[in-house]
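A short write-up of the structure that comes next.
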Amino acid sequence: MCVVAAAEELESELRGLWMRRTRRPRLYNGRAKGRQFGSKCNSGDRIGCGIEPVSFDVQTAQIFFTKNGKRVGSTIMPMSPDGLFPAVGMHSLGEEVRLHLNAELGREDDSVMMVDSYEDEWGRLHDVRVCGTLLEYLGKGKSIVDVGLAQARHPLSTRSHYFEVEIVDPGEKCYIALGLARKDYPKNRHPGWSRGSVAYHADDGKIFHGSGVGDPFGPRCYKGDIMGCGIMFPRDYILDSEGDSDDSCDTVILSPTARAVRNVRNVMYLHQEGEEEEEEEEEEEDGEEIEQEHEGKKVVVFFTRNGKIIGKKDAVVPSGGFFPTIGMLSCGEKVKVDLHPLSG
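Heads up, the sequence shown is in our numbering, so the first residue is 1197 and it goes up one at a time.
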């Protein structure tokens, strides 16, 4: 779903839960006081609003904004039982907008949001060969230090928070690991074995979190299985300067469980007392809003198998971010990677 409007002065809001004002471009999400978001819009600009497609049955919706066909950022909100309805608000005399309720993002925008997993997508490759979206293990596979490691060039962020691998060939032992790791993670250590990493291992179904000893977590994975990994970000999460530059985005979450949805709601609706006073004060003063960085940068890392969430793990994001990382350790292993499965 996408709604695009051209306006001289435009306020757009969705069910009264959030809005983007062009006079002072800010994002409002269930609170009277917004946060800086995007750039100011003028006469002739097109402002768009839509809901991201997701792979699973969801109880939350990821809402995104566009300006002149280019994505500005996104936020998340619980799904209403009655659905979410397009809404436009105006505030002063003379304002006019043209509304397109059946607008679609063009090919140019899709190409920005969809990136093929070729070699330039990878920041580090050790004993791994890239052929399109296919990764092939080239190591000896004789000891635990013969790890083949592939690490993405960019960390997961609120705009790209999930990735998947399909086991094309399990090789001799299916020693395939999928997870997240710090940028300087040792190349000869399986993801999850050392600090600053967490990973789901296909051969035994265990989760490893900064330790060589894993814990029972999910089922084993075999040829044809699709393993996924993502992050549930709190709404007030702020990225490092080394991470993704789009720090205007709000929470992104992929099909969380009911418990996670409740947690998201708790975060979303904090500090609502005295909102009327805050709104009045904001109308009088147009100063910079002070936002506190999420203490400790705690997130929830989740893993999937064939489209179903199998478990979650609390983690603290290392400096620079959590990078998608894949490890292989036995001869013949091949996986197909999709670093952006939700972009289409």
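The beta carbon of each residue, even a glycine, is placed where N, CA and C say it ideally should be. These numbers were taken from a predicted model, which means no experiment stands behind them.
- Shown here, E1315 sits in a helix according to DSSP, grouped into three states.
- If the five residues before and after L1321 are omitted, its C-beta is found closer than 6 Å to the C-beta atoms of A1346, all from its own chain and listed in chain order.
- Note: T1329 is not bridge-paired with any residue in the DSSP secondary-structure output.
- Note on the stretch 1258 to 1301: whole beta strand (DSSP E) runs with a minimum of 3 residues are 1266 to 1274 and 1293 to 1296, in chain order.
- Annotation for F1429: no beta strand (DSSP E) segment contains it, and DSSP assigns it neither H nor E.
- In the three-state scheme derived from DSSP, where H, G and I count as helix and E and B as strand, K1493 is classed as helix.
- Per DSSP, the unbroken beta strand (DSSP E) holding V1531 starts and ends at E1529 to D1534.
- Around the beta carbon of F1281, a 10 Å sphere encloses fewer than 16 other beta carbons of the protein chains shown; the residue is thus reported as exposed.
- Counting only runs of 3+ residues, the beta strand (DSSP E) found wholly inside the stretch 1359 to 1416 occupies 1373 to 1377, 1393 to 1397 and 1402 to 1405, in chain order.
- Excluding sequence positions up to five before and after A1348, its CB lies within less than 8 Å of the CB of E1317, W1318, G1319, F1359, F1519, P1520, T1521 and L1535, all in the same chain and listed in chain order.
- Secondary structure at D1323: coil, using DSSP grouped into helix, strand and coil.
- Between the alpha carbons of I1372 and G1408 lies a gap of roughly 15 Å.
- Note: A1348 is bridge-paired with W1318 in the DSSP secondary-structure output.
- Here A1398 really is in contact with I1363; their C-beta atoms are around 7 Å apart, less than 8 Å.
- In this structure L1289 is exposed. Its beta-carbon is surrounded by fewer than 16 other beta-carbon atoms within 10 angstroms.
- Secondary structure note for K1509: its beta strand (DSSP E) is the uninterrupted segment K1504 to V1512.
- Linking C1425 to N1238 through their CA atoms gives a straight-line distance of about 40 Å.
- Going by beta carbons, F1499 and L1374 fall inside the 9 Å limit.
- Contact check for E1529 against P1430 fails: the beta carbons are separated by 9 Å or more.
- Residue burial annotation: P1514 is buried, with at least 16 other C-beta atoms found within 10 angstroms of its C-beta.
- In the three-state DSSP reduction, C1237 falls in the coil class, being neither helix nor strand.
- Closest option to A1299, judged by alpha-carbon separation, among T1354, G1269, G1523 and R1242: R1242.
- Taking the Cα of G1344 as reference, the smallest distance to any Cα among V1324, G1328 and R1222 is reached at V1324.
- Under the 10 Å beta carbon count, K1263 is surrounded by 16 or more other beta carbons and is classified as buried.
- Residue pairing by DSSP places T1521 opposite Q1347 and G1375 in a beta bridge.
- Exposure of I1340 is indicated by the presence of fewer than 16 other C-beta atoms within 10 angstroms of its C-beta.
- Annotated three-state conformation of R1501 is strand, per DSSP.
- Taking the Cα positions, N1502 is about 16 Å away from K1402.
- Taking all protein chains shown into account, V1268 has 16 or more neighbouring C-beta atoms within 10 Å of its C-beta and is therefore buried.
- In the structure shown, the three-state DSSP call for G1244 is strand.
- Checking the DSSP bridge columns, you'll see R1227 has no partner listed.
- Distance from I1427 to L1352 at the Cβ level is roughly 5 Å; contact confirmed, criterion being Cβ atoms closer than 8 Å.
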